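J.: Got a structure for you, questions after.
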Amino acid sequence: MHTPITAFYAGLLGIYLLYLSALVVRGRFKKQIPLGDGGDFHFQQVVRAHGNFTEYTPIVLILLFVAEVNGSNSILLHCAGSALFFGRVIHSFGLRRHTGPSWQRVSGMLMTFLSLVILSILNILILYK
Numbered sequence: 000m001h002t003p004i005t006a007f008y009a010g011l012l013g014i015y016l017l018y019l020s021a022l023v024v025r026g027r028f029k030k031q032i033p034l035g036d037g038g039d040f041h042f043q044q045v046v047r048a049h050g051n052f053t054e055y056t057p058i059v060l061i062l063l064f065v066a067e068v069n070g071s072n073s074i075l076l077h078c079a080g081s082a083l084f085f086g087r088v089i090h091s092f093g094l095r096r097h098t099g100p101s102w103q104r105v106s107g108m109l110m111t112f113l114s115l116v117i118l119s120i121l122n123i124l125i126l127y128k
């Protein structure tokens, strides 16, 4: 089984997760917060950016993997993988930098939802191939 498309996006997303994790660890040391967010609103935004990334990314990567294994169109897979990656990066930036709704948060979630919907439909349609 060879899954270069999933491997590529999983690698990019893994590196980005490491970056978000480093921001949380740095914040914990800097603000001396061993657990939770310590009531610090900015740190809460950093923690949520990391948490939101870890909530959405795994299921979409699983859907990407299954669709690739089952021979889905590689262009659609790259579109979905790109939407996931850029959506997560844009969303986490907006979540860390803005206190309320922002174009980054909205567009990042829309890109993430787009990849989730595309891959979900691809995986359902595989049943009828």
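At position 107 of the sequence shown the residue is numbered 106 (numbering that gives the first Met the number 0), and the sequence of numbers has no breaks.
Beta carbons: idealized from backbone N, C-alpha and C, even for Gly.
Bear in mind the structure is a predicted one, so any value in this text is a computation, not a measurement.
So, under 8 Å CB-CB, residue 84 and residue 8 are touching, yes? Tell me the CB distance rounded to an integer number of Å.
T.: 6 Å between Cβ atoms; contact.
J.: Should residue 14 and residue 66 be called a contact, given that it needs their Cβ atoms to be closer than 9 Å?
T.: No; because the gap between Cβ atoms is not below 9 Å, this pair is not in contact.
J.: What separation, rounded to the nearest whole angstrom, lies between the Cα atoms of residue 95 and residue 110?
T.: Spanning the two alpha carbons is a distance of roughly 18 Å.
J.: Just the C-alpha distance for residue 46 and residue 6, rounded to the nearest angstrom, thanks.
T.: Cα to Cα, residue 46 sits roughly 26 Å from residue 6.
J.: Would you check if the distance between the CB atom of residue 60 and the CB atom of residue 22 is smaller than 9 Å?
T.: No, the Cβ-Cβ distance between residue 60 and residue 22 is not below 9 Å.
J.: When we look at the beta-carbon of residue 53 and count the other beta-carbons within 10 Å, is it buried (16 or more) or exposed?
T.: Answer is exposed; the Cβ neighbour count stays below 16.
J.: Using DSSP with H/G/I as helix, E/B as strand and the rest coil, what is residue 56?
T.: Helix.
J.: Enumerate, from N- to C-terminal direction, the unbroken alpha helix (DSSP H) stretches of 4 or more residues contained entirely within the stretch 27-73.
T.: Segments of the alpha helix (DSSP H) lying fully in the stretch 27-73: 40-68.
J.: Going by beta-carbon coordinates alone, are residue 115 and residue 76 separated by less than 9 Å?
T.: The answer is no: Cβ separation not under 9 Å.
J.: May I have the straight-line CA-CA distance separating residue 10 from residue 30, to the nearest angstrom?
T.: Roughly 30 Å separates the two Cα atoms.
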